[in-house]
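Per the numbering used here, the very first residue in the sequence shown carries number 29; after that it's consecutive.
Don't be surprised by glycine CBs; every beta carbon is placed ideally from N, CA and C.
What you are looking at is a predicted structure, and each value in this text was computed from that prediction instead of being measured.
These notes concern the structure reproduced below.
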Amino acid sequence: MNTLTFGAHTVDVAALVATVLAVVVIASIARQLLRHTHSAKHATTWRLIVLAVAQPICAALLYLALFPPTLPGEAGTLVVATAGASASRASAGKGDAFVALPEAPALTDVERVPDLATALRRHPGMQRLRVLGAGLVARDRDAARGHAVVFEPDALPPGLVILDAPTQAVAGGDFRVHGRAQDLRGGVAELLDPGRQRVDRVALPDDGRFALDATTRVPGAAVFTLRLRDARQRIVDDIALPMQVDAPTPPRVLLLAGAPGPEIKYLRRWARDAGVAMQAQMAVGGGVELGDTPIAVNAANLQRFDLVILDERAWSGLGESQRAALTEAIRGGLGMLLRVTAALSEPERRRLRALGFTVDEGRDATEVQLSNATRDDDALRARIGPGTRDQARTHDAPVPETPVLTQRTLRMTADDGVPLLRDQQDQTLALWRAEGRGRVAVWPLTDTYRLVLAGRDDLHAETWSDALATLARAQNGARFTIDGETRVGERVAICGIAREASVTSPRGATVTALVDPNTGARNCAAFWPREAGWHRVTSAGRAQLFHARATDDAPGLHTSLVREATLQLAADAPTYDAATSASLPVPRHPGARWPWWLAWLLASGALWWFERSRRGVRSPDASAPSSRTR
């Protein structure tokens, strides 16, 4: 690169040097002429010509020594050995070069290079890259862009090869882990909580894909574990799933009920235990209301809440102005859940149609059971927990059965409706749809409190927690985005920061990460972890944790990620074949510098000697006619 960048300005170094040398040559020739004019000793014409011609010759030789002419490279293939490259497949044809990156195994008579960019500089003109082994790591992918890439990957090792797991969660919320295991037919995938208790388990199908879920309990840095077993139940992989669990921002809920009842009682009890700020108002007739201090349903008060839960009686009791304020608040982002506990009147069904729902029937009730993922007893005990101080559960207590619940027999549809709750037959029980920036749901279940009475308070909490998380007003939570494989030695992009961020390692060392201006509005900075464990990112008063894996942790997953990235690089690269190889640009490279340096040194030395010699110099006495004394 013969350019330098200063802010928004780019300077061509070669042009700058040429300009300086030209100025020096002109000044040197002018100096020679002035010296000839004012000196008592006059140079001959041929001496002046030699001195004038020698100046640009020396300057030209110096320029060529600094910037030698480029030469076309030889077209060929650069064979690149990466991690796991087999010696039997490692071969290079005529005109090709063979290099091994630092991750590659020891290969006989193969040139070792620190990175791919160095290999390309040492072997200019290579049109194609033939990559053997696991693939190119992030360090080398940028250097490979613009070349034709042929990737010949090795087979993936048995174990975990694909993982999609969250790195952040909210305390008390559910999360799901997706993945794929390689060559573990007949095996199982298990999810262990931070206490090493199994909370979920599934058998691995032929394609190895699986999904596991669990619930977080308390805020802080937590490490779940994904365990893979083969058909003989031997442990193949134990993969750490680090997760930052944040304290939830409690949603603000307004509960309106036409009458008190056990459903309201246990819903309020769950909200209190879950830290949900709930304002409850229950009418008992005659203008009397129970619960918290009554508030007016108007636009100003509805802005204070994230979700409104009400039954059909409370909804019918709203005035026109109250209903208009509620509808406007929903379109502004408020969520609403309508509990249907009795048959709906025609005006109520008409109001639902205005919100996008078509609802019929509802005069009868039927029994249902909530959808409950198939888990073994140990996993269910871990999810239910140890109970309370007043009603503790032993670790070997029988798992309570899921009770039968009651729902109104509604026939409800919505053009853009989304299921909110399903039964064991995968039939939709509750439905929601978007209305403006908010969400509205119709909920026909009438007695979810039976879950608590039957000892399945975990399922009761999970059901209502999912409903609130789906419907409540979206919270503004600014977080940093961590892109890339968080592993020691791998590049990580930290986005969403201010002009700079500080990253603190597990041992307490702090590194400053500066924003790359080329990332634009994403505001990303690059960071290379050097230690395994929890790192803390701090920027503009905000802090966030992320975990870096050790280099030998989850090797199959790392191999799969490198493989997929290299396959994508090869797919995006220009095509190459013998017939069209001439159409690809052949890079040029600088020629040898030492001949030009030698020529410049000889010319400069000769010029120095000639300037100090008396060749071609005439003195004034020698030019005057001689006189004789007679």
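Coarse secondary structure for G536, derived from DSSP in three states: To locate residue 536, count along the sequence shown from 1; it is residue 508. Reduced to three states, the DSSP call for G536 is coil.
Backbone CA spacing between G524 and A285 [nearest angstrom]: Position 496 of the sequence shown, counted from the start, is the residue given in the question as residue 524. Position 257 of the sequence shown, counted from the start, is the residue given in the question as residue 285. Their Cα atoms are separated by approximately 43 Å.
What is the DSSP secondary structure of E490, counted as helix, strand or coil? Position 462 of the sequence shown, counting from 1, holds the residue named residue 490. Reduced to three states, the DSSP call for E490 is helix.
Span of the alpha helix (DSSP H), counted from its first residue to its last, around S349: Stepping through the sequence shown from its first residue, residue 349 is reached at position 321. Following the DSSP letters along the chain, one finds S349 inside the alpha helix (DSSP H) bounded by residues 348 to 359.
Alpha carbon to alpha carbon, what distance is there between F179 and G512? For the purposes of this step, residue 512 is identified with residue 484 of the sequence shown, where counting begins at 1. For the purposes of this step, residue 179 is identified with residue 151 of the sequence shown, where counting begins at 1. Whole-angstrom Cα-Cα distance: 21 Å.
Same chain only: Cβ atoms within 7 Å of R519, ignoring 5 sequence neighbours per side: Residue mapping note: residue 519 aligns to position 491 of the sequence shown, counting from 1. Around R519: A166, G512, A554, W556.
Helix or strand or just coil, what does DSSP make of E639? Stepping through the sequence shown from its first residue, residue 639 is reached at position 611. Three-state DSSP puts E639 in a helix.
Tell me which residues share the same chain as T509 and place their Cβ nearer than 7 Å to its Cβ, disregarding the 5 neighbours each side in the sequence. For the purposes of this step, residue 509 is taken as the residue at position 481 of the sequence shown. Within the same chain, T509 has close Cβ partners C523, G524.
Within 10 angstroms of its Cβ, does T608 collect 16 or more other Cβ (buried), or is it exposed? Sequence index remark: in the sequence shown, residue 608 carries index 580 (1-based). In this prediction, T608 scores a pLDDT of 46, lower than 50, which makes its location untrustworthy; the coordinate-derived value is nonetheless stated afterwards. Label assigned to T608: exposed.
In angstroms with no decimal places, state the Cα-to-Cα distance between S654 and L61. Start at 1 with the first residue of the sequence shown, and residue 654 comes out as number 626. Start at 1 with the first residue of the sequence shown, and residue 61 comes out as number 33. Low confidence applies here, because S654 scores a pLDDT of 46, under 50, leaving its location unreliable and the question unanswered by this model.
Based on DSSP bridge pairs, tell me the residues matched to A500. Start at 1 with the first residue of the sequence shown, and residue 500 comes out as number 472. Per DSSP, none; premise fails for A500.
Quick check: is any heavy atom of the ligand COA less than 7 Å from the C-beta of W556? Looking at this structure, you won't find the ligand COA or any other ligand, since it has none at all.
Proximity of A193 and V590 at Cβ, strictly below 8 Å: As a working mapping, residue 193 is identified with position 165 in the sequence shown. As a working mapping, residue 590 is identified with position 562 in the sequence shown. Against a cut-off of 8 Å, the Cβ pair of V590 and A193 comes out as no contact.
L160 vs V205 beta-carbon contact at 8 Å: Taking the sequence shown and counting its residues from 1, one reaches residue 160 at position 132. Taking the sequence shown and counting its residues from 1, one reaches residue 205 at position 177. No, the Cβ-Cβ distance between L160 and V205 is not below 8 Å.
Residue nearest to A199 in terms of C-alpha spacing, selected from I263, A93, P278: By 1-based counting over the sequence shown, the position of residue 199 is 171. When each option's Cα is compared against that of A199, the closest is P278.
Measuring only the C-alpha atoms, how far is G384 from R461? The count along the sequence shown starts at 1 and reaches residue 384 at position 356. The count along the sequence shown starts at 1 and reaches residue 461 at position 433. So the alpha carbons of these two residues sit roughly 8 Å apart.
Among residues of its own chain, excluding the 5 on either side of V51, which ones have a beta-carbon nearer than 7 Å to its beta-carbon? In the sequence shown, residue 51 corresponds to position 23, counting from 1. Within the same chain, V51 has no close Cβ partners at all.
Quick one: complete beta strand (DSSP E) runs, 3+ long, within the stretch 124 to 173? 125 to 128, 154 to 161
With burial defined as no fewer than 16 other Cβ atoms inside 10 Å of the residue's Cβ, what is the status of S349: buried or exposed? Against the sequence shown, residue 349 aligns to sequence position 321. Answer is exposed; the Cβ neighbour count stays below 16.
Express the C-alpha separation of R229 and A275 in angstroms, rounding to a whole number. Position 247 of the sequence shown, counted from the first residue, corresponds to residue 275. Position 201 of the sequence shown, counted from the first residue, corresponds to residue 229. Taking the straight line joining both Cα atoms gives about 27 Å.
With respect to the beta strand (DSSP E) encompassing Q572, which residues constitute its N-terminal and C-terminal limits? For the purposes of this step, residue 572 is taken as residue 544 along the sequence shown, with counting starting at 1. Q572 -> beta strand (DSSP E) spans 570 to 576.
Rounded to the nearest angstrom, what separates T73 and W622 at their Cα positions? Taking the sequence shown and counting its residues from 1, the one referred to as residue 73 is at position 45. Taking the sequence shown and counting its residues from 1, the one referred to as residue 622 is at position 594. If you take the alpha carbons of T73 and W622, they lie about 34 Å apart.
Span of the alpha helix (DSSP H) around H175: Against the sequence shown, residue 175 aligns to sequence position 147. Counting along the chain, no alpha helix (DSSP H) covers H175, and no H or E run does either.
Bounding residues of the alpha helix (DSSP H) (the contiguous stretch that carries Q83): Taking the first residue of the sequence shown as position 1, residue 83 is located at position 55. Unbroken alpha helix (DSSP H) run through Q83: 73 to 94.
Strictly by DSSP, which residues pair up with V205? For the purposes of this step, residue 205 is taken as the residue at position 177 of the sequence shown. Paired residues: L240.
If contacts are defined as beta-carbon pairs under 8 Å, then R208 and R255 qualify, I think. What distance do you get, rounded to the angstrom? The sequence position of residue 208 within the sequence shown is 180, counting from 1. The sequence position of residue 255 within the sequence shown is 227, counting from 1. That pair is no contact at about 15 Å.
Tell me, which residues are paired with D274 by DSSP? Looking up residue 274 in the sequence shown gives position 246. D274 is bridged to V198.
Can you grab the Cα-Cα spacing for the pair L612 / Q155, in whole Å? The sequence position of residue 612 within the sequence shown is 584, counting from 1. The sequence position of residue 155 within the sequence shown is 127, counting from 1. Per-residue confidence for L612 stands at a pLDDT of 48, beneath the threshold of 50, marking its modelled position as unreliable; no derived number is given.
Would you mind reading off the limits of the beta strand (DSSP E) that contains L219? Translated into positions along the sequence shown, residue 219 becomes position 191. First-last of the beta strand (DSSP E) with L219: 216 to 220.
Only counting the same chain, and skipping five residues up and downstream in sequence, which positions put a Cβ closer than 8 Å to that of R379? Numbered from its first residue, the sequence shown carries residue 379 at position 351. Excluding residues within five positions, the ones whose Cβ falls inside 8 Å are W343, R351.
Among the residues of its own chain, which have a CB less than 6 Å from the CB of V396, if the five just before and after it don't count? Here residue 396 corresponds to residue number 368 of the sequence shown, with the count starting at 1. So the qualifying residues of the chain are L433, Q435, D451.
Given A598 as reference, the closest of P181, V141, D40 once Cα atoms are compared: Your numbering for residue 598 matches position 570 in the sequence shown. For A598, the nearest C-alpha among the options comes from P181.
Counting only the same chain and skipping the five closest in sequence on each side, list residues whose C-beta sits under 7 Å from that of L90. As a working mapping, residue 90 is identified with position 62 in the sequence shown. Same-chain partners within the cutoff: L49, W628.
Alpha-carbon spacing of L219 relative to D486, whole angstroms: The residue labelled residue 219 in the question sits at position 191 within the sequence shown. The residue labelled residue 486 in the question sits at position 458 within the sequence shown. Cα to Cα, L219 sits roughly 18 Å from D486.
Inter-residue Cα distance where the pair is R359 and G445: In the sequence shown, the residue the question calls residue 359 occupies position 331. In the sequence shown, the residue the question calls residue 445 occupies position 417. Inter-residue distance for R359 and G445 is about 16 Å (C-alpha atoms, whole angstroms).
Cα separation between L398 and Y477? For the purposes of this step, residue 398 is taken as residue 370 along the sequence shown, with counting starting at 1. For the purposes of this step, residue 477 is taken as residue 449 along the sequence shown, with counting starting at 1. C-alpha separation (whole angstroms): 13 Å.
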